[in-house]
Amino acid sequence: MEHSLLVWLLPTLALVVGVAIGFLIARVAPNAAPSRTQRQLDDIQERFDSYQNEVVTHFNSTANLVKKLTQSYQEVQDHLAEGANRLALDEQTRQRLLASLHAEASQAPRERLTPPRDQEPPRDYAPKAPNSPGMLDEHYGLKK
């Protein structure tokens, strides 16, 4: 009887210990995985926020540079107009200079140049005189 009790007691005890160990591992392991996933998610969110800040900074810098460029262009235009007013000797020259400064915005599109229609296209062979042998003739270029 002792032997039969031992046969049943050992597997039952092993089962209880296995269930307890499995229960402990099950409680500890799920907490580790979500915390690691949460850390990865927080890291990705931090990188994304940093990237967004860089993009905003880049476009703000670009807008400031374009604004400076526009102001510089306007200053050059004003300088040229002032020079035209001050340096032009007569009114007609002054008007032409001022008109050329402001003509860029109102300039009409230019017509496209077209080649003359009566001109013959270039040949890829030498023309020959009438009644003379052509280059492909077997006697061409031979002295008689």
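Counting in the UniProt record's numbering, the sequence shown runs from 1 upward without gaps. The C-beta atom is built at its ideal place from N, Cα and C for all residues, glycine as well. Quick caveat: nothing in here was measured; it's all calculated off a predicted structure.
Neighbourhood of residue i by C-beta, 8 Å cutoff - its chain only, sequence neighbours within 5 removed
i, result
"residue 98", "81, 84, 85"
Contacts around residue i, its chain only, beta-carbon distance under 6 Å, and the 5 residues preceding and following it disregarded
i, result
"residue 141", "none"
"residue 47", "none"
Whole-number beta carbon distance between residue j and residue i, since they are thought to touch under 8 Å
i, j, result
"residue 77", "residue 101", "6 Å"
Residue i - DSSP class collapsed to helix/strand/coil
i, result
"residue 114", "coil"
"residue 90", "coil"
"residue 132", "coil"
"residue 80", "helix"
"residue 142", "coil"
"residue 137", "coil"
"residue 75", "helix"
Contact check, residue i vs residue j, beta carbons under 8 Å
i, j, result
"residue 130", "residue 139", "no"
Minimum Cβ-Cβ distance from residue i to chain D less than 8 Å
i, result
"residue 25", "Protein chain content of the structure displayed is limited to a single chain, and chain D is not contained in it."
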